[in-house]
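A.B. asks: Protein chains in written order, with the working numbering: chain A, 1 to 115; chain B, 1001 to 1118. Quick reminder that beta carbons are idealized off the backbone N, C-alpha and C, glycines included. Predicted model only: the values in this text are computed from it and were never measured.
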C-alpha cells in the first residue's frame, strides 16, 4: 500500500565509499524528485525526473548521480561519500510537473550517516 | 529566485488551544501555490494544506486553516483545538505555477517546531 517507498531507511557507511538509495512509487506519477534535509532540518531540491528525463539538477556535486530506469523508480547513487553528505534524503513524486493537482508526495526518507 | 521565511523556530501550544504559525515568501510571480507540510518525529513529510495564489478564499482542512495575504506575501497556518499528535516540525513551501519542469520544485522554509503541552 505504500505510495512512495525508499530503501534503505538507514544507511551508515565510511567516508570514501559508494552507496545507492532506491525509490519507488506506485501512484502512477510521471515526476519524481530527490530532496536533501540537512542537520538543521533545511530541505532543498536536488534532482527531478519527468518520465525518465532529467528536468531539475540543482547545484549538486557530480558525485551524486540520479538514475531513473522507468518512471516508477528514481535511484540516487553517491560516489566517494564525504562527511558532509550525512543527511536525510527524501524521494517525492507528483502526477505531473505543473498544476495544483500535482502535489508532491514524499517517501519516508533515508537517513545517511557518513563516518 | 523565490525564498520562504519562517521566523518562529519553535512554538508551544496547550492541548485544545489554537496556535498560528507564520510564513512569508518572496516572489516576483503572480501565480503560484503554497503548502504546509508536517514532519512528525517519524520523519515522514505529510501534506497538511495547500493554497492556490489565484484564489482569494483561504483553504481549510478540518482543524487546519490558512490566512493567505497575497499582497503582504504572507501564508500563516492556524491549528485549532490542538492535539498531542500535532506536535511536529511544520514547513511552509512555495511552488511556481509555471508549466516548465524546472518550476515544479518546492522551495521550503526553515521550519517551525511545534510543541503541544497538556
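State the CB to CB distance for the pair residue 1008 of chain B and residue 1021 of chain B, rounded to an integer number of angstroms; the pair is presumed to be in contact (CB under 8 Å).
C.D. replies: With 8 Å as the limit, residue 1008 of chain B and residue 1021 of chain B qualify as a contact, their Cβ atoms being about 6 Å apart.
A.B. asks: Would you verify that the beta carbon of residue 1085 of chain B is, or is not, closer than 8 Å to some beta carbon of chain A?
C.D. replies: No, its Cβ sits nowhere closer than 8 Å to a Cβ of chain A.
A.B. asks: If I follow the unbroken beta strand (DSSP E) through residue 1092 of chain B, where does it start and stop?
C.D. replies: Residue 1092 of chain B -> beta strand (DSSP E) spans 1088–1096.
A.B. asks: Measuring straight from C-alpha to C-alpha, what distance separates residue 12 of chain A and residue 109 of chain A?
C.D. replies: C-alpha separation (whole angstroms): 14 Å.
A.B. asks: Could you tell me which whole beta strand (DSSP E) segments of length 3 or greater appear in the segment 32–58 of chain A?
C.D. replies: Complete beta strand (DSSP E) runs here, min 3: 43–50 and 53–57.
A.B. asks: Tell me whether the beta-carbon of residue 25 of chain A lies closer than 8 Å to the beta-carbon of residue 87 of chain A.
C.D. replies: The answer is no: Cβ separation not under 8 Å.
A.B. asks: In chain order, what residues of the segment 80–112 of chain A put their CB closer than 9 Å to some CB of chain D?
C.D. replies: Given the protein chain composition of this structure (A and B), no chain D is represented.
A.B. asks: For a contact defined as C-beta to C-beta under 8 Å, what are the partners of residue 1043 of chain B on chain A?
C.D. replies: Per Cβ cutoff of 8 Å: 88, 108, 109 and 111.
A.B. asks: How close, in whole Å, do the beta carbons of residue 1026 of chain B and residue 1097 of chain B come, if the pair is a contact with beta carbons under 8 Å?
C.D. replies: So it is not a contact: roughly 16 Å between Cβ atoms.
A.B. asks: Strictly below 7 Å CB to CB, what residues from chain A border residue 1030 of chain B?
C.D. replies: By Cβ distance, chain A contributes nothing, its closest Cβ being about 15 Å from residue 1030 of chain B, past 7 Å.
A.B. asks: Report the residues of the segment 54–71 of chain A with a CB closer than 7 Å to any CB of chain B, ordered along the chain.
C.D. replies: Result list: 55 and 56.
A.B. asks: In the structure shown, what three-state DSSP assignment does residue 1027 of chain B receive?
C.D. replies: It is coil, neither helix nor strand.
A.B. asks: Below 8 Å on the Cβ atoms is my guess for residue 79 of chain A versus residue 38 of chain A; work out the distance and round it to an integer in Å.
C.D. replies: At roughly 20 Å, the Cβ-Cβ gap does not stay under 8 Å, so residue 79 of chain A and residue 38 of chain A are not in contact.
A.B. asks: I want to verify the contact list: residues of chain B whose CB lies under 7 Å from the CB of residue 78 of chain A, in sequence order.
C.D. replies: In chain order: nothing, as chain B lies at least about 19 Å away.
A.B. asks: Provide the residue span of the beta strand (DSSP E) that contains residue 69 of chain A, from first to last.
C.D. replies: Looking at the DSSP string, the run of the beta strand (DSSP E) that includes residue 69 of chain A is 64–70.
A.B. asks: Given that a residue counts as buried once 16 or more other Cβ atoms are within 10 Å of its Cβ, and exposed if not, what is residue 1118 of chain B?
C.D. replies: Under this definition residue 1118 of chain B is an exposed residue.
A.B. asks: Along the beta strand (DSSP E) that carries residue 19 of chain A, what are the first and last residues, could you check?
C.D. replies: Counting along the chain, the beta strand (DSSP E) containing residue 19 of chain A begins and ends at 19–25.
A.B. asks: Between residue 1021 of chain B and chain A, is there a C-beta pair that is closer than 8 Å?
C.D. replies: No, its Cβ sits nowhere closer than 8 Å to a Cβ of chain A.
A.B. asks: Along the segment 1007–1020 of chain B, where does the CB come closer than 8 Å to a CB of chain A? Name the residues.
C.D. replies: Those would be none; no residue qualifies.
A.B. asks: Give me whichever residues DSSP pairs with residue 1011 of chain B in a beta bridge.
C.D. replies: The partner list for residue 1011 of chain B (beta bridge, DSSP) reads B:1114.
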